[in-house]
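These notes are about the structure you will find just below.
Residue numbers (our numbering), protein chains in the order written: chain A, 23 to 137; chain B, 60 to 170.
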């Protein structure tokens, strides 16, 4: 069975500072990894995904993530955050490409941007 | 752009009522999903469907059922609502193995 651990439930960061949101997963098979963002009162929006190929994945809004198989991690980074990045971020894993059988989600990390 | 529409943003129901949550997608996706989202617990999969009239249990199906009579519509049914079903419900759809597209959610309160 798959599982996802997001190590921080809240991450406060000053505006224009860099940020890293941590995600570790466990799976016995090949995995597909995703980061979703949820702005207040909205559904989830895909930020980026790793299916295969380059381990450094670039997504929308200046975010990127690095797949590290040996560490079973998929941490999300942004070099300089903006107040509009305040949101809940979810890491998710699938062994079926994400669409075949749904996703297993972490519990979420609330990114709080301080002016 | 894919649009997943959940018919209600907010619902308030009484304990014991039968509740229907409706979800419609406009991109001919085969797969549709219902999740519930609770603080500190993330998203948990209730049911999903690969095709019309097909359904599969997710991680927390107890107290719920689903219906998929048409490809674009996936309904979540609470046969007898209870207070522990107060939650945010998120519908999603996908095409084969592509990433999920989510609706904006229905916040259900059971009193």
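Ideal Cβ positions, reconstructed from N, Cα and C, are used throughout, including at glycine. Quick caveat: nothing in here was measured; it's all calculated off a predicted structure.
### Query
Considering only residues of the same chain and omitting the five flanking positions on each side of residue 196 (chain B), which have a CB-CB separation below 6 Å?
Shown here, chain B extends from 60 to 170; a query on residue 196 (chain B) therefore has no answer.
### Query
Is the CB-CB distance between residue 125 (chain B) and residue 112 (chain B) below 7 Å?
Your numbering for residue 125 (chain B) matches position 66 in the second chain. Your numbering for residue 112 (chain B) matches position 53 in the second chain. Not closer than 7 Å, so no.
### Query
At least one CB of chain B closer than 7 Å to the CB of residue 65 (chain A): is that the case?
Counting from 1 along the first chain, the entry for residue 65 (chain A) is found at position 43. Yes, its Cβ sits closer than 7 Å to a Cβ of chain B.
### Per-residue burial, residue 32 (chain A) [other beta carbons within 10 Å of its own, 16 or more giving buried]
Translated into positions along the first chain, residue 32 (chain A) becomes position 10. Residue 32 (chain A) is exposed by the Cβ-count criterion.
### Query
Going by C-alpha distance, which of A:51, A:92, A:24 and A:69 is nearest residue 43 (chain A)?
Within the first chain, the letter at position 21 stands for residue 43 (chain A). Closest by alpha carbon: A:69.
### Task
Rank A:55, A:136 and A:51 by C-alpha distance to the C-alpha of residue 157 (chain B) and give the top, closest one.
As a position in the second chain, residue 157 (chain B) is number 98, starting the count at 1. Nearest option by C-alpha distance: A:55.
#### Entry: Where the segment 62-86 of chain A meets chain B: residues whose CB sits under 7 Å from a CB there
Contact residues of the segment 62-86 of chain A toward chain B are 64, 65, 66, 68 and 71 (C-beta to C-beta distance below 7 Å).
### Task
Please list, in chain order, all residues of the same chain as residue 130 (chain B) whose beta carbon is under 7 Å from its beta carbon, the five residues on each side excluded.
Taking the first residue of the second chain as 1, we reach residue 130 (chain B) at position 71. Only 87 and 111 meet the Cβ criterion.
### Query
Can you pull the DSSP bridge partners for residue 108 (chain B)?
Position 49 of the second chain, counted from the first residue, corresponds to residue 108 (chain B). Residue 108 (chain B) is bridged to B:91.
### Message
Taking DSSP's pairing of strands, which residues face residue 78 (chain B) in a bridge?
### Response
The sequence position of residue 78 (chain B) within the second chain is 19, counting from 1. B:137, per the DSSP bridge assignment.
### Message
For a test of the three-state rule: what should DSSP assign to residue 84 (chain B), helix, strand or coil?
### Response
Residue numbering aside, residue 84 (chain B) sits at position 25 when the second chain is read from its first letter. Secondary structure at residue 84 (chain B): strand, using DSSP grouped into helix, strand and coil.
### Query
Between residue 84 (chain B) and the rest of its own chain, which residues show a CB-CB distance below 6 Å, the 5 nearest in sequence each way excluded?
Locating residue 84 (chain B) in the second chain gives position 25, counting from the first residue. Around residue 84 (chain B): 63, 131 and 152.
### Query
If you check the beta carbons only, do residue 51 (chain A) and residue 115 (chain A) fall under 7 Å apart?
In the first chain, residue 51 (chain A) corresponds to position 29, counting from 1. In the first chain, residue 115 (chain A) corresponds to position 93, counting from 1. Pairing residue 51 (chain A) with residue 115 (chain A) gives a Cβ-Cβ distance that is not under 7 Å.
### Task
Run down chain A in chain order and give the residues with a C-beta less than 7 Å from the C-beta of residue 161 (chain B).
Residue 161 (chain B) sits at position 102 when you count from the first residue of the second chain. Per Cβ cutoff of 7 Å: 65 and 66.
### Query
Is DSSP giving residue 82 (chain A) helix, strand or coil here?
Within the first chain, the letter at position 60 stands for residue 82 (chain A). Reduced to three states, the DSSP call for residue 82 (chain A) is helix.
### Alpha-carbon spacing of residue 137 (chain A) relative to residue 81 (chain B), whole angstroms
If you number the first chain from 1, residue 137 (chain A) lands on position 115. If you number the second chain from 1, residue 81 (chain B) lands on position 22. One C-alpha to the other measures close to 40 Å.
#### Entry: Where residue 56 (chain A) meets chain B, residues with beta-carbon distance less than 7 Å
Against the first chain, residue 56 (chain A) aligns to sequence position 34. For a Cβ distance threshold of 7 Å, residue set 158 of chain B lies close to residue 56 (chain A), ordered along the chain.
### Neighbour list for residue 92 (chain B) in chain A, Cβ cutoff strictly below 7 Å
Mapped onto the second chain, residue 92 (chain B) falls at position 33. Near residue 92 (chain B) (Cβ distances below 7 Å), the residues of chain A are 124.
### Backbone secondary structure at residue 143 (chain B) - three-state DSSP
Residue mapping note: residue 143 (chain B) aligns to position 84 of the second chain, counting from 1. Assigned with DSSP and collapsed to three states, residue 143 (chain B) falls in helix.
### Query
Using a Cβ-Cβ distance under 7 Å, would residue 167 (chain B) count as near chain A?
Stepping through the second chain from its first residue, residue 167 (chain B) is reached at position 108. Chain A has no Cβ within less than 7 Å of the Cβ of residue 167 (chain B).
### Closer than 8 Å at the beta carbon, the chain B residues around residue 112 (chain A)
Residue 112 (chain A) sits at position 90 when you count from the first residue of the first chain. Within 8 Å Cβ-Cβ: 101 and 102.
### Other residues of its chain near residue 139 (chain B): CB distance less than 6 Å, five sequence neighbours each side excluded
The residue given as residue 139 (chain B) occupies position 80 in the second chain. If you ignore the 5 residues before and after residue 139 (chain B), its C-beta comes within less than 6 Å of the C-beta of 75, all in its own chain and listed in chain order.
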